[in-house]
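The structure under discussion appears below in the form of structure tokens.
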Amino acid sequence: MRIALPVAAAGVAAAIGAALLTSSAGAASAEPNPPAVPSAGSPTLAELEQRVLGAAAHDDTAGVSSAKSSYSGSATADSSTTVDAKIIGGTTTTITTAPWMAQLWYQDETNGVYFFCGGSVVSPTKILTAAHCVQGYNWKAYGAIVTGTSQLPDGDLNGGTVTAVQRQWNHPSYSSRTIDNDIAVLTLANPVKATPIKMATSTETAAYAAGTSAKVYGWGRTSSTNQDVSETLKTATLPMQSDATCSGFYGADYVKGHMVCAGQPASGSDSGTTSACNGDSGGPLVVNNRVVGVVSWGVQDCVAKGAYSVFAKVRTYVGATYPRIDDTNLSLDDKADLWVRNSSTKTGYEKDSKGTSFGARESWGNWSAFNVVLQNDLNRDGYQDLLVRRSSDGDVFWKHWVPASGSWATTKVADNWKTRTRIVVPGDLTGDYLPDLVSVDSAGKAWLYPGKGNGTFGSRVQIGTGSGWNQYNVLVGHGDFSGDGKADLIARTGSNGYVYLYQGTGKSSAPFASRVKVRTWSGSTYNKVAVVGDVSGDGKADVLARTPGGTLYLYKGTGKATSEIFATRISVGTDFKQYDIFG
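Read in order, the letters of the sequence shown are residues -27 to -1, 1 to 556 in mature numbering (1 follows the signal peptide of the UniProt record, and there is no 0).
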């Protein structure tokens, strides 16, 4: 019998040729500030703690389906049996060794549902976990995340920090019957201090080679014969297994490419078995400090002779998952919003995405002082920031929301960029999960400024050796167009309207692969092209293009790095001729 694995649980700082800097000087003149960020409606700290302790006092099972039960203690909510999460054959470890480990607690008193899963902090506001821990549950209403402790709660949080969930996503093709596509992301209401761990890249191969040593972490059962509580975080070392080996044991239940298995064949008893078990669900399988798998399913009681632990293969899902880690937007949902400025009144407006249209505009006041406004999240705190350039002197400012003070802060990040022909904030180009910046100078050279995650940047690196970037009258980017989990750029030549994809590589030394022509859009077809991220909410970056007559079209991304990169265009309005800045 195949079972999934949750548990019902008990008890730019450096100047670059004087061009890029960080200072509060000049901030006052960079007003106005955007409107206050709306509250996410988070529960109180006391309410969150009550959810954790309440869940820890009950037993239930997440992800149960009629065909296959979740890899969890199968006690009901009113059972007196205590169930804990432990790893069979593992050893005790500390949160210092695995600072990205998270405890996911769920308590729905109305429906009598209480359970526990593991997870990994993959950015300050994002938790990577299993879909069977997420689908069908309302984590914002009933969940709480604990980080910063290796101990499970025993009347208090043992030094951990509890945080609310703002929204949730699980892979749209997740099947509770087959436990396939078993991957999910929870977005926290506030950033946590836990050190994030990176995910495997889409091109990773060595980590999955048979025999590679991997480590699994969790609070899962340590024995097949009882469900006693273990208060501390466990880890175990497992060798990766080939698809042929996994399929040889599990047959059609094992989906090649979607799953990976690890460990020596179980012995049939606790002795001689090292395996993930009930309660480890959603936790990470780690190779070389990257999450390569998410604990998904296995056999009942975890030690059936010849069995292996099965994990969702992160490499396969990073294209779908990473956009959920980098999906900050103005309205705090999972769809990128549009910022526009009226060309005559210079009033800025927020227009929130509804997926295939935009809502009524919200005024942000007069923005006549600026000629560039770009959305971003340079400090990865889950709140949308703005990068703006002042027209008078070319100074560039980073405006970011400070939740603690309930106000916006303004920091000068670049001096005298008046002659920069393009400024783009595409996301992470270097593979370190920190948003970067790209600019093109008057000589046509493109420069990458690696972000440090706090609104400052490292030393700039020239992109390529050429100086032909001013051939493009459009250079935009905000997210992943090709579906590989790496940020890309879209460029259009002014001479012939050819549209190119510059696919990201995740390497600072050469951040883009060779360009690929994907469209022909002349200036008479579209006189404005904007990219703000994933407008439709499907996890793929989209493009907005405006005709000279003022009709704005949404080109939804397909995730294909070919001429099929965009789906059929959708009109999202006919009154956009009035706007001169889209950001």
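Glycine is no exception: its CB is placed at the ideal position from the N, C-alpha and C atoms.
Small disclaimer: the values here were computed from a predicted structure and weren't measured.
query, result
"Local conformation of Leu26 per DSSP, three classes", "helix"
"Leu121 classed as buried or exposed, judged by whether at least 16 other C-beta atoms fall within 10 angstroms", "Just to set this straight, residue 121 is Gly in the shown sequence, not Leu. Flag for Gly121 reads buried."
"Residue span of the beta strand (DSSP E) that contains Val516, given as start and end", "Asp515 to Arg519"
"Exposure label - Gln139; buried when at least 16 CB within 10 Å", "buried"
"Whole-Å CB distance - Arg362 paired with Gly426, under 8 Å assumed", "Contact doesn't hold; Cβ gap of about 22 Å is too wide."
"Residue closest to Ile156, alpha-carbon to alpha-carbon, out of Arg288, Glu177 and Asp129", "Arg288"
"Proximity below 8 Å, CB of Leu462 to CB of Pro399", "yes"
"Val37, DSSP secondary structure in three states", "Because the pLDDT of Val37 is 42, which lies under 50, any placement of that residue in the model is unreliable, and the question is left without a value."
"Segment contact, 8 Å Cβ cut-off, at least three pairs: the stretch 384 to 396 with the stretch 328 to 337", "no"
"Nearest-angstrom Cα separation, counted from Asn443 out to Arg465", "10 Å"
"Whether Leu311 touches Lys324 by CB criterion (8 Å)", "yes"
"Alpha-carbon to alpha-carbon, Val95 and residue 579", "Residue 579 is absent from the model: the chain starts at -27 and stops at 556."
"C-alpha distance - Ala514 paired with Phe430, whole-angstrom precision", "24 Å"
"Distance between Gln476 and Ala48 (C-alpha atoms, nearest Å)", "Here the model assigns Ala48 a pLDDT of 26, short of 50, so the residue's position is not dependable and the matter cannot be decided."
"Trp192 (DSSP reduced to helix, strand or coil)", "coil"
"Test item: CB-CB of Gly63 and Lys207 under 8 Å", "yes"
"At least three beta-carbon pairs within less than 8 Å, the stretch 433 to 453 to the stretch 541 to 554", "no"
"Alpha-carbon spacing of Arg519 relative to Gly496, whole angstroms", "10 Å"
"Cβ contact (3+ pairs, closer than 8 Å) linking the stretch 16 to 33 and the stretch 68 to 84", "yes"
"Gly522 to Ala293 span [Cα, whole Å]", "35 Å"
"Through-space distance from Tyr356 to Pro296, alpha-carbon basis", "15 Å"
"Of the residues Leu360, Cys219, Val228 and Ala416, the one placed nearest Asp409, counting alpha carbons only", "Leu360"
"In DSSP terms, what Ile100 is bridged to", "Val94 and Leu159"
"Lys166: first and last residue of the uninterrupted alpha helix (DSSP H) it sits in", "Lys166 -> no alpha helix (DSSP H), and no H or E assigned at all."
"Bounding residues of the beta strand (DSSP E) (the contiguous stretch that carries Thr466)", "Leu462 to Thr466"
"Alpha-carbon to alpha-carbon, Val259 and Lys188", "5 Å"
"Beta-carbon contacts of Tyr406 that lie in its chain and below 7 Å, excluding the five residues immediately before and after", "Ser96, Pro169 and Lys171"
"For Phe549, the three-state DSSP class (helix, strand or coil)", "helix"
"Residue 604 and Ser481 closer than 8 Å at C-beta", "In this structure the chain extends from -27 to 556, so residue 604 is not present and cannot be described."
"DSSP three-state assignment for Ala217, whether helix, strand or coil", "helix"
"When Glu204, Val345, Ile538 and Ser378 are compared against Asp127, the one with the closest alpha-carbon", "Glu204"
"Tyr281 beta carbon less than 8 Å from that of Ala235", "yes"
"Leu527 vs Ala460 beta-carbon contact at 8 Å", "no"
"N- and C-terminal bounds of the alpha helix (DSSP H) containing Ala114", "Trp112 to Tyr115"
"Same chain, Cβ closer than 6 Å to Val369, neighbours up to 5 away in sequence not counted", "Arg362, Val386, Ala387 and Trp390"
"Exposure of Asn154, with buried meaning 16 or more beta-carbon neighbours within 10 Å", "buried"
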